[in-house]
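Chains as they are written, first to last, in this note's numbering: chain X, 1 to 100; chain V, 101 to 411; chain D, 412 to 804. The beta-carbon is built from N, C-alpha and C at its ideal position, and this holds for glycine as well.
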């Protein structure tokens, strides 16, 4: 059964930690917000996007969701603003916030 | 295996966001795209040597992995997954397990070329049904950019610092892909991030679905350790390939195959120049160092072409 | 139904393992434990077990693979001795902190250097704080019986810790003794199926094991781990009780030999207990009130029960088959003396280092130890508490 990580905050008493520190379940890191790390954010300019998807494999943080062959809005809860996607876009459909 | 880029990009993500790798890390780019080689419906157990990837993707209680995951220690990722794969076989034999699992281990170059080398060699020699993926960023980045046997000659690292009597790392890097190929395993390949990731994807899928041991060596630049402009990672990788510093090749059942030959091989300066770790090579009077670097790149490239020409 | 047989300790362990039919056995040879995987490999070759036998390239990898297999949901184990155990050092701690109930058949041998292949306990004593359960045997029969009971203890839901089943190199591992084996079906029934709750190969729910822990969690994680250890004494006794019903052989946390009215006692671990029992029988015939406390469960250390058995003795000699380099004696000495102190014991206690690197211990040597105990009791002074037995001066 998947662990309920909301009970595993840094104030959790020893008895509440999972045995052997294993986490049953998957992808619990989604609850950790790395979007706060950076002030620079990529901006998706949808009208310029040709849906070539070249920005998706280059993202180190899995922050460009693709559904049915089309990319959606950035996951700003987790995007660290590295800027790799901006360089990978052949159509200028991504800019860094405040930077053209 | 054909490559449908859009379909591949539409597959469910197997590495969740919220991990704590640095912004612009090449390691997780490698991981995400290797895991896309898994067929939907197949399960996997992921192994991981200690390193940046481990401490950042499973920081209690946050795991970024959508599949089962085991980190054991720095030096034993190969052996650990041998045990997991052994358990799979045993549970299958005893009729306790129906699902299909694949076994993939990730290690940095420290955990792979160096401290985990014996464990990796053993797992490969036993032809364990697993893929060992080295995300090679050419130094111990987790502990703060110390040299490894994957570090290229003349790189400035914190244990081979450039100084009045030092030009950086004095030795050449180990050719690990060739060493693993000498284990006579079914599949070995070297790749990096190019264009729409076809090369990396096709090799990952082959490695995962080849019965027996497979090894992938992926150049995965580290913006901190290499000191290039973080957004330029794809350009750095491209230059690695176009200068023949990081050739793309496969060894399938002992047969060497060159996957890409640049129309015009670029000079090694093009790869070295954007990287701060090689800055000292461009000081006046150090031209011979670059010349020497170029000679080694040429020698290895000719050697590789010769191997591939023999098939 | 039991079967009588003449077997070496290694053979006895291998047969117990055949009867248990574990899922995964990664192994690497080292004297004097090599025969265990050798015998077992022949069982695999002849289809007598279903086990995945993985002949790895080092002991470090045998323990690493055993950990991987155990985390994956399999019943796993390995076997080793001496430097092999030392090479597993880091992995021992990881197995325990991951709460993996895997087994290690340890054949005790001196650590290097100088290199020596004979028995002492320096290997397992070095691992005493790794978080493993350690159970020791005096003879082949005990080694076999302990192996059969191992998984019932380590896999118990209140425990879930790795277990080390120890026997003395060559003295029991290679010496052939008459012993009783259980029927295969009885062992199978006694040990039962392994049914882990969370494991890597659980198709219903993936699992992540081996996290990085920030300081906020680390100490709580260690306390949580210690909780498993706190249940071990109870579970060892419960399992021993069930084992007695199947085998007719009784086990406890230790064996108290002729301790009822003993005034002088020896505390020790392993095969030299047999020699000590002979010395005790001789001395008892002469009217001396002497006895032996032979440790079976060393980790966790049953301090209260041990202090209770020793509460009325005048003097006690604690025998360590390992140096501790503390300048005060060996590890068992430290544990027993701490137990006596906490129980406010008035007994005089001395600590001997003996039998290193296979040095023989004779009945006369142990008679000498009892004579010394009698002397210090008469003197009312333990004198030097850190002594060597059988050393050339």
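- By the criterion of a C-beta distance shorter than 8 Å, residue 7 (chain X) is surrounded in its chain by 16, once the five residues flanking it on both sides are discounted.
- Rounded to whole angstroms, the Cβ separation of residue 93 (chain X) and residue 49 (chain X) is 4 Å, and the two are in contact under 8 Å.
- Residue 355 (chain V) is bridged by DSSP to V:352.
- With the criterion set as a beta carbon lying under 7 Å from some beta carbon of chain X, the members of the stretch 106-132 of chain V are 106, 109, 110, 113, 115, 116, 117, 118, 119, 120, 121, 123, 124, 125, 128, 129, 132, in sequence order.
- Closer than 9 Å to the CB of residue 493 (chain D) there is not a single CB belonging to chain V.
- With a beta-carbon spacing of about 5 Å, residue 578 (chain D) and residue 420 (chain D) fall inside the 8 Å limit used to define contacts.
- Distance from residue 498 (chain D) to residue 469 (chain D) at the Cβ level is roughly 7 Å; contact confirmed, criterion being Cβ atoms closer than 8 Å.
- Interface annotation, residue 379 (chain V): not in contact with chain D, CB-CB separation never under 9 Å.
- Among the residues of the stretch 451-484 of chain D, those with a Cβ less than 9 Å away from any Cβ of chain V are 461, 462, 463, 464, 465, 466, 467, 468, 469, 471, 472, 473, 474, 475, 476, 477, 478, 479, 480, 481, 482, 483, 484, in the order of the chain.
- Residue pairing for residue 489 (chain D): DSSP places it in a beta bridge opposite D:515.
- Secondary structure at residue 538 (chain D): coil, using DSSP grouped into helix, strand and coil.
- Just so you know, the alpha carbons of residue 688 (chain D) and residue 765 (chain D) end up roughly 16 Å apart.
- Under the 8 Å Cβ criterion, the stretch 454-466 of chain D does not count as touching the stretch 574-588 of chain D, having fewer than three qualifying pairs.
- For the options V:214, V:230, V:225, the alpha carbon positioned closest to that of residue 238 (chain V) is the one of V:214.
- Excluding its 5 nearest sequence neighbours in each direction, residue 227 (chain V) has C-beta neighbours in its own chain below 8 Å: 285, 286, 312, 313, listed in chain order.
- Per DSSP, residue 202 (chain V) lies in no alpha helix (DSSP H) segment; the continuous beta strand (DSSP E) that holds it begins and ends at 201-208.
- The residue from V:129, V:159, V:121, V:109 with its alpha-carbon nearest to that of residue 140 (chain V) is V:109.
- Note on geometry: alpha-carbon atoms of residue 732 (chain D) and residue 759 (chain D) lie some 20 Å from one another.
- The beta carbons of residue 165 (chain V) and residue 3 (chain X) sit about 14 Å from each other, so the pair does not count as a contact at 8 Å.
- Where residue 577 (chain D) is concerned, the enclosing beta strand (DSSP E) starts and stops at 574-579.
- When only Cα atoms are considered, residue 251 (chain V) and residue 117 (chain V) end up about 29 Å apart.
- Assignment of residue 167 (chain V) by DSSP, reduced to helix, strand and coil, places it in the coil class.
- Residue 586 (chain D) has its alpha-carbon roughly 27 Å from the corresponding atom of residue 474 (chain D).
- From the beta-carbon of residue 619 (chain D), the residues of chain X found nearer than 7 Å are 22, 23.
- The shortest CA-to-CA distance from residue 503 (chain D) to any of D:471, D:563, D:631, D:740 is the one to D:471.
- Take the alpha-carbon of residue 150 (chain V) and the one of residue 174 (chain V): they are about 4 Å apart.
- In the three-state DSSP reduction, residue 246 (chain V) falls in the strand class (E or B).
- Taking 8 Å as the upper bound for CB-CB distance, residue 465 (chain D) and residue 182 (chain V) are in contact here, some 6 Å apart.
- In the three-state reduction of the DSSP assignment, residue 787 (chain D) falls in the helix class, which pools H, G and I.
- Pairing residue 28 (chain X) with residue 163 (chain V) gives a Cβ-Cβ distance under 9 Å.
- For a Cβ distance threshold of 7 Å, nothing in chain X lies close to residue 200 (chain V): the least Cβ distance comes to about 18 Å.
- Counting only the Cα atoms, residue 160 (chain V) lies some 12 Å from residue 631 (chain D).
- For residue 464 (chain D), the pairing in a beta bridge is given by DSSP as D:436.
- Note on geometry: alpha-carbon atoms of residue 461 (chain D) and residue 189 (chain V) lie some 10 Å from one another.
- Proximity to residue 606 (chain D) across D:642, D:512, D:527, D:540 peaks at D:512, based on C-alpha coordinates.
- Taken through DSSP and simplified to helix, strand or coil, residue 322 (chain V) comes out as coil.
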